[in-house]
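Sequential numbering of the sequence shown, starting at 1, is according to full-length UniProt numbering. Here's the structure we're looking at; comments come further down.
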Amino acid sequence: MTAPAAAPKPAPTPREQLLNRIQRDIPITRRPYAVIAQDVGLTEAEALSILREVKAEGVLRQVSAIFDTRTLGYQSSLVAAVHDEDQLDAGAEIVNAHPGVSHNYKRNHDFNLWYTIAVPPESDLEAHVQKLHELSGARLTRLMPTLHLFKIGVEFDMTGKEDWNAKARPQYTSEQRNIGYAVTDLDRAFVTEFQKDLPVTEEPYADACTALGLSIEEVAAHAEKMKAAGALRRVSAVFRHQKAGFTFNAMGVWAVPQENVAEVGRQMAEFKAVSHCYLRPTYPEWPYTIFTMVHGRSKEEAFGKISAIEQEVAQGVDHAILYSTKEYKKVRLEFYKPEFYSWERLHNL
Numbered sequence: 001m002t003a004p005a006a007a008p009k010p011a012p013t014p015r016e017q018l019l020n021r022i023q024r025d026i027p028i029t030r031r032p033y034a035v036i037a038q039d040v041g042l043t044e045a046e047a048l049s050i051l052r053e054v055k056a057e058g059v060l061r062q063v064s065a066i067f068d069t070r071t072l073g074y075q076s077s078l079v080a081a082v083h084d085e086d087q088l089d090a091g092a093e094i095v096n097a098h099p100g101v102s103h104n105y106k107r108n109h110d111f112n113l114w115y116t117i118a119v120p121p122e123s124d125l126e127a128h129v130q131k132l133h134e135l136s137g138a139r140l141t142r143l144m145p146t147l148h149l150f151k152i153g154v155e156f157d158m159t160g161k162e163d164w165n166a167k168a169r170p171q172y173t174s175e176q177r178n179i180g181y182a183v184t185d186l187d188r189a190f191v192t193e194f195q196k197d198l199p200v201t202e203e204p205y206a207d208a209c210t211a212l213g214l215s216i217e218e219v220a221a222h223a224e225k226m227k228a229a230g231a232l233r234r235v236s237a238v239f240r241h242q243k244a245g246f247t248f249n250a251m252g253v254w255a256v257p258q259e260n261v262a263e264v265g266r267q268m269a270e271f272k273a274v275s276h277c278y279l280r281p282t283y284p285e286w287p288y289t290i291f292t293m294v295h296g297r298s299k300e301e302a303f304g305k306i307s308a309i310e311q312e313v314a315q316g317v318d319h320a321i322l323y324s325t326k327e328y329k330k331v332r333l334e335f336y337k338p339e340f341y342s343w344e345r346l347h348n349l
């Protein structure tokens, strides 16, 4: 006997479609939510009402532009450190004090502290990480910079109806980056305004236009130039993982041989469940070349998404799953912050 066909999944509601849609991009036009509302079968007023409600609940963290650190000249890296367990919390607190550290987690591995750090073009990334190594009392610290970006783009399936192995072409990869891009004064001003939390209103860009002294059409045109250069990825909504129901994250790390990393990384990046996919360096105590990050409403869901990747493109590849057991810090990176330079001067860097 053949197995009965699975029941079709119900179609996403307009609300669910809206919450998925605003994670992809929010157009830079006078009334962007009117455009988005039309896309998902709502009125502008209905869309704004939903978004204000979701923000009041704490699910919607902010609406802002997402910029590429490297194209703007910043140096950034993931960092993995080994701390004695009884010194870990104190070490994490010291790391958190660095204004360029945006994410910091305890994970289930000998490398038990993982953080991301970014510094401006004129600063020395390795010197900053070495200083944090010394100040935090780490026993071992390893820089794990991005050697190739296969994908970056956090988009949560707010419908709960997508298959774990659903595919989509990555929006942002290394090919969009322009490392030699010359940042202008207008770029800096644009970044300063658009990294702010934009209001959920009929005309969310009005204040930014006023601050820049430009019309919405001029601002949109400049945004397109920055996108073409890879400096600007998009304007979009960012959700709080926990509040949105995605309470578990899993970092699948894979010991893919160097001769296969390009093809395997490309295939892994096509999984919609993967929010980040990178090629990173190896070390004697760390054999993993490709990193894939997924999020789930449960440990079972997150591990299931990693298993789907293994079954389709990485059978037999040595891998490990690292997950967060404590969140020490999670903020958006802010560019050109004076606090960064104060920290640098304080530590003679």
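For every residue, glycine included, the Cβ atom is placed at its ideal position computed from N, Cα and C.
* Asked: Under the DSSP definition of a beta bridge, which residues are partnered with Y283?
  -> In the sequence shown, the residue the question calls residue 283 occupies position 283. DSSP, once it has assigned bridges, lists W286 as partnering Y283.
* Measure the beta-carbon distance from A34 to E44 and round it to whole angstroms, keeping in mind my assumption that it falls under 8 angstroms. => Residue mapping note: residue 34 aligns to position 34 of the sequence shown, counting from 1. Residue mapping note: residue 44 aligns to position 44 of the sequence shown, counting from 1. 4 angstroms between Cβ atoms; contact.
* Between the CA atoms of E224 and T210 - distance to the nearest angstrom -> As a first step, residue 210 must be located in the sequence shown, where it is residue number 210. As a first step, residue 224 must be located in the sequence shown, where it is residue number 224. Roughly 19 angstroms separates the two Cα atoms.
* To the nearest angstrom, how far is it from the Cα of L78 to the Cα of G153? -> Here residue 78 is taken as the residue at index 78 of the sequence shown, counted from 1. Here residue 153 is taken as the residue at index 153 of the sequence shown, counted from 1. The straight-line gap from Cα to Cα measures roughly 16 angstroms.
* Any alpha helix (DSSP H) of 4 or more consecutive residues that is wholly inside the UniProt domain "Siroheme decarboxylase NirL-like HTH" (187-233) -> 206-212 and 216-229
* To do: Pull up the CB-CB distance for G296 and F239, whole angstroms please, since I reckon it's below 8 angstroms.
  => To locate residue 296, count along the sequence shown from 1; it is residue 296. To locate residue 239, count along the sequence shown from 1; it is residue 239. Wrong, their Cβ atoms sit about 14 angstroms apart, outside the cutoff.
* Which residue comes first and which comes last in the alpha helix (DSSP H) that contains L51? -> Here the question's residue 51 lines up with position 51 in the sequence shown. Where L51 is concerned, the enclosing alpha helix (DSSP H) stretches over E44 to A56.
* Below 8 angstroms CB to CB, which residues in the same chain sit around L349 once its five sequence neighbours on both sides are set aside? => Numbered from 1 along the sequence shown, position 349 holds the residue referred to as residue 349. Closer than 8 angstroms at Cβ, skipping near neighbours: S123, D124, A127, H128 and K131.
* Tell me where the beta strand (DSSP E) around H103 begins and ends. => Position 103 of the sequence shown, counting from 1, holds the residue named residue 103. It spans V101 to R107 - the beta strand (DSSP E) in which H103 sits, taken as one unbroken run.
* To do: Compare the C-alpha of A229 against each of H319, T292 and T184 and name the closest.
  => Taking the first residue of the sequence shown as 1, we reach residue 229 at position 229. Nearest option by C-alpha distance: T184.
* Can you check whether the CB of K330 is closer than 8 angstroms to the CB of A166? -> Residue 166 sits at position 166 when you count from the first residue of the sequence shown. Residue 330 sits at position 330 when you count from the first residue of the sequence shown. Cβ atoms of A166 and K330: not closer than 8 angstroms.
* From this set, C277, S342, Y181 and G252, which residue's C-alpha is nearest T71's C-alpha? -> As a working mapping, residue 71 is identified with position 71 in the sequence shown. Comparing Cα-Cα distances from T71 to each of C277, S342, Y181 and G252, the minimum goes to Y181.
* To do: Closer than 7 angstroms by C-beta to F303: which residues in its own chain qualify, once you throw out the five before and the five after it? Chain order, please.
  => As a working note, residue 303 is residue 303 in the sequence shown. Once the five neighbours on either side are set aside, the close Cβ partners of F303 are A250 and I321.
* From R233 to S275, what distance separates their C-alpha atoms? -> Position 233 of the sequence shown, counted from the first residue, corresponds to residue 233. Position 275 of the sequence shown, counted from the first residue, corresponds to residue 275. Going by the C-alpha atoms only, they are around 14 angstroms apart.
* To do: Please confirm if the segment 252-272 is in contact with the segment 52-69, defined as three or more CB-CB distances below 8 angstroms between the two stretches.
  => no
* In terms of residue numbering, what span does the alpha helix (DSSP H) encompassing H133 cover? -> Within the sequence shown, numbered from 1, the residue matching residue 133 stands at position 133. That run of the alpha helix (DSSP H) goes L125 to S136.
* Asked: What residue does the beta strand (DSSP E) around Q62 start on, and which one ends it?
  -> For the purposes of this step, residue 62 is taken as the residue at position 62 of the sequence shown. Unbroken beta strand (DSSP E) run through Q62: L60 to F67.
* Asked: If we ignore side chains and look at the alpha-carbon of each, how far apart do F335 and T192 end up?
  -> As a position in the sequence shown, residue 335 is number 335, starting the count at 1. As a position in the sequence shown, residue 192 is number 192, starting the count at 1. Their Cα atoms are separated by approximately 7 angstroms.
* Asked: If you drop the 5 nearest sequence neighbours on each side, which residues of the same chain put their C-beta closer than 7 angstroms to that of K196?
  -> Position 196 of the sequence shown holds residue 196. The residues are S64.
* To do: Decide yes or no for the touch test of the segment 77-95 against the segment 104-124: beta carbon pairs closer than 8 angstroms, at least 3 of them.
  => yes
* When you compare only the Cα positions, how much space is there between A3 and D163? -> Within the sequence shown, numbered from 1, the residue matching residue 3 stands at position 3. Within the sequence shown, numbered from 1, the residue matching residue 163 stands at position 163. Summary for A3: the model assigns pLDDT 46, below 50, so the residue's position carries little reliability, and this model does not support an answer.
* What first and last residue would you give for the alpha helix (DSSP H) that runs through E16? -> Translated into positions along the sequence shown, residue 16 becomes position 16. Per DSSP, E16 belongs to the alpha helix (DSSP H) from P14 to R24.
* Let me know the secondary structure DSSP gives R345 once reduced to three states. => Here residue 345 refers to the residue found at position 345 when the sequence shown is read from its first residue. DSSP places R345 in helix when its eight states are reduced to three.
* Asked: Assuming S215 and I26 make a contact with CB atoms under 8 angstroms, what is their CB distance in whole Å?
  -> As a position in the sequence shown, residue 215 is number 215, starting the count at 1. As a position in the sequence shown, residue 26 is number 26, starting the count at 1. Actually they do not touch by this definition, with Cβ atoms about 18 angstroms apart.
* **Coil, strand or helix - S307 by DSSP** => Here the question's residue 307 lines up with position 307 in the sequence shown. Looking at S307 - three-state DSSP - the assignment turns out to be helix.
* Start and end residues, beta strand (DSSP E) containing V82 -> Taking the first residue of the sequence shown as 1, we reach residue 82 at position 82. Residues Q75 to V82.
* Looking at C-alpha atoms only, which residue of L19, R31 and R107 is the closest neighbour of Y328? -> Mapped onto the sequence shown, residue 328 falls at position 328. The option with the nearest alpha carbon to Y328 is R107.
* By Cβ distance, which residues of its chain are closer than 6 angstroms to residue 351, with the 5 residues on each side in sequence left out? -> This structure cannot settle anything about residue 351, because the visible part of the chain is limited to 1 through 349.
* **Start-to-end residues for the alpha helix (DSSP H) that takes in A269** => Locating residue 269 in the sequence shown gives position 269, counting from the first residue. Here the alpha helix (DSSP H) through A269 covers V261 to A269.
* Can you round the beta-carbon distance between I306 and V256 to whole angstroms, since I take them to be within the 8 angstroms contact cut? -> Locating residue 306 in the sequence shown gives position 306, counting from the first residue. Locating residue 256 in the sequence shown gives position 256, counting from the first residue. Going by Cβ atoms, the distance from I306 to V256 rounds to 14 angstroms, so no, they are not a contact pair.
* Asked: I think F67 touches A221, with their Cβ atoms under 8 angstroms apart; what is that distance to the nearest whole Å?
  -> Within the sequence shown, residue 67 is the residue found at index 67, counting from 1. Within the sequence shown, residue 221 is the residue found at index 221, counting from 1. Not a contact, Cβ separation roughly 17 angstroms.
* Asked: Does the Cβ-Cβ distance between R15 and I36 come in under 8 angstroms?
  -> Against the sequence shown, residue 15 aligns to sequence position 15. Against the sequence shown, residue 36 aligns to sequence position 36. Cβ distance not < 8 angstroms, so R15 and I36 don't count as in contact.
* To do: Can you tell me which of the three DSSP states P4 falls into?
  => Position 4 of the sequence shown, counted from the start, is the residue given in the question as residue 4. Reliability of the predicted coordinates at P4 is poor, the pLDDT of 49 falling under 50, and the value obtained from them is presented with this limitation in mind. Looking at P4 - three-state DSSP - the assignment turns out to be coil, as it is neither helix nor strand.
* To do: Tell me whether D318 is buried or exposed, calling it buried when 16 or more other Cβ atoms sit within 10 Å of its Cβ.
  => Taking the first residue of the sequence shown as 1, we reach residue 318 at position 318. Result: exposed.
* Would you check if the distance between the CB atom of A138 and the CB atom of S76 is smaller than 8 angstroms? => In the sequence shown, counting from the first residue as 1, residue 138 sits at position 138. In the sequence shown, counting from the first residue as 1, residue 76 sits at position 76. For A138 and S76, no; Cβs fall outside 8 angstroms.
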